[in-house]
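Each remark here refers to the structure printed beneath this line.
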Amino acid sequence: MQSLYLLIPLGVLVVFGAIGALVWAVVSGQYDDLDEQARRLPDDEP
Amino acid sequence: MSDARNWAVYDRPDLRAAVASCAHGVCEVLIALDGMHCAGCAARAERLLAGAAQQVRVNLVARTVGFGFRPEQIRLSTLLQRLDQAGLQPRVLARQDGAQSAVTRRRLALARIGVATICAAQVMMLAWPSYFGVRPQPEIERLLRWAQWLIATPGVLWAGWPFFAGAAAALRVRMLNMDVPVALALAGTYAASVLHLLQGAGDLYFDTATMLVWFLSIGRHLEGRTRAYAIKHLRLLAGRRTLTAQRVRGGTLETVPLEALTVGDEVVVAPGDTLPADGALLGEAAELDESLLTGEAGPVLQRPSASLLAGSVNVGRAPLRLRVDHAGGDTRLAQITRLLDRAQTQKPRLQQFTDRIAGHFIAGVLAFAALGFALALRRGAGSAAAFDIALAVLVASCPCALSLAVPAALAAATSRLAASGLLVADATALQRLTGIDTVLFDKTGTLTRPHMRIARAGTFAALTLDACLEIAAALERGSRHPIAAAFAEITSARQATALDYTAGAGISGEIDGRRYWLGAVEPATGGLQLPVAAAVVAGQSTVVLSDAQDPLAWFALDNEPRPEARQVLGELSRRGLAIEILSGDAAGPVATLARRLGVGGYRARQTPQQKLERLQVQQRDGHRVLAVGDGVNDAPLLAAADVSAALPQGAALTQARADLLLLGDTLEALPQAIDVARRTRRRIRENLVWAAAYNLLVLPLALAGELAPWLAAAGMSLSSLLVVANALRVGDAGTPDPRHRRTPAPVIDMAGTR
């Protein structure tokens, strides 16, 4: 049970990380158009 | 034509302000790329702009590209020229005020749903010991409680912010809306939880609060994206506005932005270009495509000094001159655009209705919560227990499932239909569609293809028919005239030079040193007797090809029936709908078409007025009528019908009035729309009955104090989930015919950006 003292705060930090990543992804417009990429040609150029 | 276009005009600060929204030295523009037909073109457009522009967003479906650029580093004209030279046919779209903030709003809404989802799930994870009555060690329990608070705080305060803002806005004008009990429940649960947390004892409702935010924001988002999607399409259709004009000043032409035009100016409109302002035609007669404004599909011949409308296209071969009578915001096009804008800001009727009943409903909810609190106190319960009961009532009677019942089903139905190429512009149309028992079809452009084809042709002996067709095709090559479309598919190695064009009469040109005419019957033939076969189809367009002396050939043009029309009409009648064709055409062609399509009822030579009267007679007889059409002739019919559907090449105005838009240029989606509408109605009824029954069932329990707040929230969530799952069945029930998937599926994405 001692490990919970570490794991619970760690879990909270992970959740905040996930929230931050999600907000960044959405606000930077990555979810604006979900169909577009599927219909594009592969971008082969380096 | 495009090389002559003066892109540099877009570098002028005044015009740049009309097309770009600038902030911090970066200007954002939206460019339509009419020439972007393939995925490869999209990649090319991106490469052309790479380096010079930032945040390039290519949209293949809408054929647009948006990007930001720094005016002091690169000129917009340079970028436009690059796109133009690559054959992408750039067209600068006017700036849409607030478009950028709308995008930001949508993104924020989606981010809030995501945050609410994460928070709700994680808070429940941390709260599970209390669900099962497990009592961990006191230190661990305290840790779990504080962790819940940490995670629930962004979930309630940030993700749920719109509810607080909405409630505050409503209360400021002394109104009650759905947001008020929600905000009250959120504030109550959160505040009580924080209090209990600080006291170190008592229940926490962080899970309840986060779940409330989660479910309610999803419901709200589902509602909004359907409308955003429809409006975006309407805008694109009506967005063909020109931004510059060629003004005559001191004998020379100068390119000026629209804003610079004033009444009395003289402007020149090149062939294929759009009229920049309303005004009087100077000089010779001209042919115009006014379909954007009037829906009249064919070209309209305008005599000198006739008044022309901004937004019409010069389809003749000669430039026309125009004296400006109304410019800028006074033009009819601008007025129409404003109407569209207003439609965009209006709430859908369903929402208005919900808001209206919400006032009473919510007053009831608040009263019940207060009643529960008072009853509990009188029973001798402590104020903490009384608060629990009030919360349970507030949560139990929360109209979550009720508020999701209709929008979730409508969203599922509209995105299902959008995938088969049918756009629902007015969500209430789906409800009205279920009662339809009669369908009125327009003929030309609706049951037939909009473009003309050569129905019959014959020669007057001097040349072979193939040679005549090649000559005609060479003469019409490059023309935007509707008649030219009939000849567009004929390949011809011949080159026509010295083209001369007379509005309304036809076209002439030299091929291999000889002069030919192609035009309507009278001027070209000068009293020529047409052969019998040509006379049969007279009443439709017949054109004659002649050389300097003699007529060479005649071509009778008509519109061929859509290939899917027969099957679609069959499917509609199998669904118990009566079908009738109303056409402005002569009896002969209409009867032929009706026979070919297997339709008994038809009326020919109908004026728009007669069509409308026919509709009204049917409605008086108690029929519910769906009208399908395009073109201005149908606009009154479409407006008066119980439900209206329009095909995309019809005028933007007609479509703005239509409830359903058939985007795939095919009627195939119509029978499906009826099915989906009927299914949707069933789902909505089930949902409403379930949600109402649930609320009625738990409310007394909550009032009696038999329902813990967490149980009320769990039940509410389960009820909402059931409603959503039931609504989603609209989308997948009945596997669609694979043919219906032929059109690229414009599936609505979660961000609702299209």
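Residue numbers (the numbering used here), protein chains in the order written: chain S, -18 to 27; chain E, 8 to 761. All residues carry an ideal CB built from backbone N, CA and C; glycine is no exception.
Residue interval of the alpha helix (DSSP H) (run including residue i)
i        : result
H333/E   : Looking at the DSSP string, H333/E is not in any alpha helix (DSSP H); the run it does join, the beta strand (DSSP E), is L327 to H333.
W168/E   : W168 to R179
L(-12)/S : L(-15) to V8
Q309/E   : Unbroken run through Q309/E is the beta strand (DSSP E), V307 to Q309; no alpha helix (DSSP H).
F394/E   : S390 to A403
D473/E   : L472 to E483
L674/E   : That residue, L674/E, is in no alpha helix (DSSP H); it is neither H nor E in DSSP.
E578/E   : A572 to R581
P145/E   : P145 to T160
P283/E   : Where P283/E is concerned, there is no enclosing alpha helix (DSSP H), given that its DSSP letter is neither H nor E.
A594/E   : A594 to L604
A192/E   : D186 to Q206
S319/E   : Element bounds for S319/E: n/a, residue is neither H nor E.
T769/E   : Past the boundaries of the shown model lies residue 769/E; chain E is included only from 8 to 761, so the question cannot be answered.
Proximity test, Cβ basis, 8 Å: residue i and chain E
i        : result
G10/S    : yes
L(-13)/S : no
L3/S     : yes
Chain S contact for residue i (CB, 8 Å cutoff)
i      : result
V122/E : yes
A159/E : no
R685/E : no
R149/E : no
A134/E : no
A154/E : yes
Coarse secondary structure for residue i, derived from DSSP in three states
i      : result
D507/E : strand
P264/E : strand
S292/E : Rather than Ser, the amino acid found at residue 292/E in this sequence is Ala. The answer is coil: DSSP assigns A292/E none of H, G, I, E or B.
H31/E  : coil
G257/E : coil
H367/E : helix
R627/E : helix
A463/E : In the sequence under discussion, the amino acid at residue 463/E is Arg, which differs from the Ala named in the question. The answer is strand: DSSP assigns R463/E an E or B state.
S224/E : helix
L667/E : strand
T217/E : helix
S314/E : strand
E53/E  : helix
V36/E  : strand
D554/E : strand
Y138/E : helix
A252/E : strand
T124/E : helix
Range covered by the beta strand (DSSP E) that runs through residue i
i      : result
Q62/E  : Q61 to N66
S515/E : G513 to I518
S651/E : V650 to A653
R610/E : G608 to R610
T71/E  : T71 to F76
V276/E : E273 to V276
D565/E : P558 to P568
G636/E : V632 to G636
A585/E : A585 to L589
R98/E  : P97 to V99
Neighbouring residues, chain S, relative to residue i (Cβ below 8 Å)
i      : result
A118/E : L3, V4, V7 and V8
I762/E : The structure shown does not extend to residue 762/E, since chain E spans only 8 to 761, so no value can be given for it.
Q144/E : M(-18)
Contact list for residue i against chain S, beta-carbon separation under 9 Å
i      : result
R114/E : V7, V8, S9, G10, Y12 and D13
Residue i: contacting residues in chain S (beta-carbon distance under 7 Å)
i    : result
Q7/E : This structure leaves residue 7/E out entirely; chain E is present only between 8 and 761.
Chain B contact for residue i (CB, 8 Å cutoff)
i      : result
L204/E : The structure shown contains no chain B; its protein chains are S and E.
message = What ranges does the alpha helix (DSSP H) occupy inside the segment 409 to 448 of chain E, keeping only unbroken runs of at least 4 residues that lie completely in it?
response = List check, alpha helix (DSSP H) in window: 435 to 440.
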